[in-house]
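J.:
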Amino acid sequence: MDGAKKKESTESAKPIFLSGTLTSQTKRHRVEIDTSIAGVSDLFLIVDDGGDGFACDWVDWVDPTLHGPAGSLSLVDLGWQSATTGWGSVGKDLNCSGAPWSVDGQVIGKHAIGTHANSVIHFKVPEGYTRLTATGALDTGGTRQNGGTSTSVRLAVYAGAAPASLGSAPDNSSDGDQRDPANAIKGITIAEGLEATLAASEPLLRSLTNLDIDSRGRVWVCDVMNYRRNQGARPEGDRIMILEDTDGDGVLDDAKTFYQGRDIDSAMGICVLENATGTDVIVTASPNVWRFVDTDGDDVPDSKTAMFTGVGNPQHDHSGHSFLFGPDGKLYWNFGNTGEQVKDADGETVIDIHGRPVIDNGAPLYGGMPFRCDLDGSNFEVLAHNFRNNWETTVDSFGTLWQSDNDDDGNRGTRINFVMEHGNYGYRDEITGGGWRDERINQEDEIMHRHWHLNDPGVVPNMLQTGAGSPSGICFYEGRLLPQRFWDQIIHCDPGPNMVRAYPAKPDGAGYTATIEPLMTGTTDRWFRPADVCTAPDGSLFVTDWYDPGVGGHNQGDSDRGRLFRLAPPGSAYTIPTFDFTTADGAVEALRNPNLAVRSRAWRTLHAMGRDAEPELLELYADSNPRLRARALWLLGKIDGRGEHYVTKALADSNPDIRITAIRLAKQLTAQPSRWLADAADDESAAVRRELAVALRYDTSDTMPTLWAKLATAYDGQDRWYLEALGIGSDVRPEACFEAYLDAVNGRWDTAAGRDVVWRIRAPKAADAMVSLIADPNRPLRETDRYFRSLEFHDSDVRSAALKRLLP
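In this text, residue positions in the sequence shown follow the working numbering: the first is 29, and each later residue adds one.
Quick look at the structure:
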């Protein structure tokens, strides 16, 4: 740990002052301190984030002064021995941003030390001083943000030594019973119908990020100590560990190190792919993605090669993240908004299958992006773009992609997204690349919506906004061991509010709505920082716990401790099924399992069998569970020569999710999906028609515009998800699509639905149509804002030509 966090001293850490929580609701935004320091030689001023993250936690120690027989001495004049801050810098007579300090808009006192949670400032007290006085105050730079709702701190004064971890206060101390692993469960509220087991903890392991679970139920974890300011804390490097429960009690009592080295420091992704003789392990440790190959199954890698390089900044949470195996036999992964680009093993920029360099530069891609590729990294696809920090991605059996995304810290705008392929998710301005604070016409009223440019044409809606947080690991639970309310739902970790949550989703037109259902909540142990979650072969969940006094800001207040929990109904033994991957019957049975490592091996086995596995797959396709049917469909459709047959068969199915899966399958099998999918344009389900619209994006056939226009005429004038799907489908061929639409409506586009289509599509004639709407004297002025904004997304020559019509 940082030297300021663990200060050598012959004395123990002794709290001599602790405030309550200070917020913008605190009277005068300050607390007065007057405390004895008799006999103290080492004095520590501490700012703690209050347990809810450190966003906007600016603090000023105003007129901190020592008093005694030697007189009075300002700590500003004395100077500190060491100082740390969670953001900005510790400043004399300046706040943490380097500007003049103020409290509630007013300068108070003569001198101040400005800092930001989490912070420790260490002073050596000269002889002759016995009291400390100071005003601990919230600096205006923090309270003026977000209406003051994000600021919350506690202030502490310690004698003798600092607490072992930055900013910890007596009731959040790193010492004592609360930090004992034996009490780990006591500080966490567990949802009804579930029981948590502490599966592993320090000293066996340290701070954990990601995990995966193999077909034997062994848990593979990224054990990270060399993170950011703690680089070098473990000189031999961070490690990949394999943890195993040998007696079925859910406690992982056996551990081994698969790999350790400085090349995987701060690893933030692991994916385990088993085969008949060994294991491939994909480890994401930006800027590299490594593939370790254990050829003989002895849990020792026989080779290490780079799959991808140049993936963002090392030691950064917003760069590369975990891979996972999808139901279509492909790999899915992502990076956040410091990912920057993806290069191949030779350092060459990857070009995706649509000819786009995978670079965050607005030409045309921005920000965080989810990806799909073959197992060897080929056939690379960018699936969407313009996220901030989509820390992980997950995909369900229908091929639906789900992600979380973090806002600019402190703006209470974190979100959960259903990812429409090729969608723009609005973190940066599509035109300028600017941030959400930049003024624009027709901007959103609320910051949590403005943050994502949700009023702009071309931005896909958010399924759910979850307020403040630091969203991280995610999985899609398709098991049946947990209580039914968690079946077929997103399970997600957010270490900011100390929670593991489900987001039960329901179809809503062409999109979804969702609610929040907690599984684990760190109610009294606010060090509980769940980082990742994964489904085991028995249907239970395992959750890694970073276990730290804070989260965010690239800090690690404690690198010595980490936890791993198992979640299951009370009394559920950790019993792993056995699998037969040598026969079609056995592999199909394994394909039913909720664990991705099991399913990935089953999928590859069945795919290699081809038509020999078709009868067994058809039996699974007849199952009553549509998710199991979808798993079979992906494999049936990829049998050589059978793709169109099974797409056609599935399009006639009564279940809309199976029809959606058929469209996604067709898109992977043919460059002109309109040839196979035309009948879906009449589908009664808006979600099915949405998926067809998206599938048409790169279709070059002559019939594509007419088919798109048919979908456009079915738009109801209200469903933004559907409207954005139409936009995605038309963006490559907007002029042809809009001409076909005008023909389909006999030129009568000026309806509620037609005006939305005109607003979204990027065709020159649509620009002309919007100018005619703007020129209508009967149209309210405010209503024209959206059309002026939409015109900004057209080429300048098109926009200028259209707007000239407004001139007298």
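Backbone N, C-alpha and C fix where the C-beta goes; we use that ideal spot for every residue, glycine too.
Taking the Cβ atom as the reference point for each residue, do Pro-525 and Gly-501 lie within a distance shorter than 7 angstroms?
T.: The answer is no: Cβ separation not under 7 angstroms.
J.: Buried or exposed for Ile-459, going by 16 or more other Cβ atoms inside 10 Å?
T.: When all chains shown are included, Ile-459 counts as exposed.
J.: Measuring only the C-alpha atoms, how far is Leu-194 from Ile-65?
T.: For Leu-194, the predicted structure reports a pLDDT of 36, less than 50, and the residue's modelled location is therefore unreliable. A value from the coordinates is still provided. Looking at the two C-alpha atoms, the distance is approximately 21 angstroms.
J.: Assign Gln-512 to buried or exposed, taking buried as 16 or more other Cβ atoms, counted over all protein chains shown, within 10 Å of its Cβ.
T.: That one is exposed.
J.: Determine the contact status of Leu-646 and Ala-228, defining contact as a CB-CB distance below 7 angstroms.
T.: Not closer than 7 angstroms, so no.
J.: Kindly indicate the opening and closing residues of the beta strand (DSSP E) around Trp-86.
T.: Looking at the DSSP string, the run of the beta strand (DSSP E) that includes Trp-86 is 86–96.
J.: Buried or exposed: which applies to Gln-53, given that a residue is buried once 16 or more other Cβ atoms fall within 10 Å of its Cβ?
T.: Classification of Gln-53: exposed, given that the 10 Å Cβ count is below 16.
J.: In terms of alpha-carbon separation, which member of Val-339, Gly-390, Pro-385 lies closest to Gly-367?
T.: For Gly-367, the nearest C-alpha among the options comes from Val-339.
J.: State the start and end residues of the unbroken alpha helix (DSSP H) segment that holds Arg-687.
T.: Note, Arg-687: alpha helix (DSSP H), 684–697.
J.: Mind checking which residues open and close the beta strand (DSSP E) that includes Arg-400?
T.: It spans 397–401 - the beta strand (DSSP E) in which Arg-400 sits, taken as one unbroken run.
J.: Between the segment 603–618 and the segment 247–264, can you find at least three pairs of beta-carbon atoms closer than 8 angstroms?
T.: Verdict: no, contact absent.
J.: With Asp-825 as the anchor, note down where its alpha helix (DSSP H) starts and where it stops.
T.: Asp-825 -> alpha helix (DSSP H) spans 824–831.
J.: Classify Asp-266 as buried or exposed, calling it buried when 16 or more other Cβ atoms lie within 10 Å of its own Cβ.
T.: Result: buried.
J.: Would you check if the distance between the CB atom of Ala-601 and the CB atom of Gly-276 is smaller than 7 angstroms?
T.: In contact: Ala-601 and Gly-276 (Cβ atoms closer than 7 angstroms).
J.: In this structure, does DSSP put Asn-258 in helix, strand or coil?
T.: Asn-258: helix per DSSP, three-state reduction.
J.: What separation, rounded to the nearest whole angstrom, lies between the Cα atoms of Trp-631 and Gly-357?
T.: Their Cα atoms are separated by approximately 7 angstroms.
J.: On a CA-only basis, which of Asp-402, Gln-343, Asn-452, Gly-119 is nearest Gly-260? Give me that one, please.
T.: Nearest option by C-alpha distance: Gln-343.
J.: With distances taken from CA atoms, which of Arg-814, Cys-765, Ala-41, Leu-46 is nearest Pro-191?
T.: Comparing Cα positions, the closest option is Ala-41.
J.: Is the beta carbon of Asp-121 less than 7 angstroms from the beta carbon of His-150?
T.: No, they are not a contact pair.
J.: Alpha carbon to alpha carbon, how far is Gly-18 from Arg-456?
T.: The chain is shown from 29 up to 836; residue 18 falls before or after that span and cannot be answered.
J.: Would you call Ser-824 buried or exposed, if buried means 16 or more other Cβ atoms sit within 10 Å of its Cβ?
T.: By the 10 Å Cβ count, Ser-824 comes out exposed.
J.: Cβ of Trp-108 within 7 angstroms of Cβ of His-144?
T.: No; because the gap between Cβ atoms is not below 7 angstroms, this pair is not in contact.
J.: Counting pairs of Cβ atoms below 8 angstroms between the segment 368–388 and the segment 318–326, do you hit three or more?
T.: Result no; under three Cβ-Cβ pairs closer than 8 angstroms.
J.: Measuring alpha carbon to alpha carbon, tell me which residue in Pro-398, Ala-412, Gly-142 is nearest Val-75.
T.: That would be Gly-142, whose Cα lies nearest to the Cα of Val-75.
J.: At 4 residues or longer, and completely inside the segment 570–631: list those alpha helix (DSSP H) runs for me, N to C.
T.: Entirely contained in the segment 570–631, the alpha helix (DSSP H) runs reaching 4 residues are, in chain order, 612–619.
J.: Can you name the residues that DSSP bridges to Asn-452?
T.: BP columns for Asn-452 point to His-413, Val-487.
J.: With a CB to CB cut of under 8 angstroms and the five nearest residues on each side skipped, what residues in its chain are close to Val-90?
T.: Excluding residues within five positions, the ones whose Cβ falls inside 8 angstroms are Arg-58, Trp-129, Val-131, Ile-136, Gly-137, His-139, Ala-140, Ala-162, Thr-163, Gly-164, Ala-165.
J.: Could you check whether Val-722 and Ala-849 sit closer than 7 angstroms to each other, using their CB atoms as the reference points?
T.: In the structure as shown, the chain begins at 29 and stops at 836. Residue 849 is therefore absent and cannot be evaluated.
J.: Could you tell me the boundaries of the beta strand (DSSP E) in which Cys-250 lies?
T.: Its beta strand (DSSP E) spans residues 247–251.
J.: Closer than 7 angstroms by C-beta to Glu-672: which residues in its own chain qualify, once you throw out the five before and the five after it? Chain order, please.
T.: Trp-704.
J.: What's the C-alpha gap between Ala-98 and Thr-158?
T.: C-alpha separation (whole angstroms): 9 angstroms.
J.: Going by the DSSP bridge assignment, what does Lys-332 pair with across the sheet?
T.: Looking at the DSSP assignment, Lys-332 forms a beta bridge with Phe-320.
J.: Could you tell me which of Asp-536, Arg-814, Thr-93, Val-826 sits nearest to Ala-795, measuring between CA atoms?
T.: Answer by Cα proximity: Val-826.
J.: Leaving out five residues before and five after Gly-537 in sequence, what residues of the same chain have Cβ atoms less than 7 angstroms from its Cβ?
T.: Within the same chain, Gly-537 has close Cβ partners Ala-714, Asp-747, Trp-749, Tyr-750.
J.: Could you check which residue in Gly-507, Thr-549, Leu-664, Pro-315 has the C-alpha nearest to that of Phe-363?
T.: Checking every option, the nearest Cα to that of Phe-363 belongs to Pro-315.
J.: My guess is that Val-181 and Leu-50 are in contact by the Cβ rule of under 8 angstroms, so how many angstroms apart are they, rounded?
T.: Between Leu-50 and Val-181 the Cβ distance is about 5 angstroms, and since that is below 8 angstroms, they are a contact.
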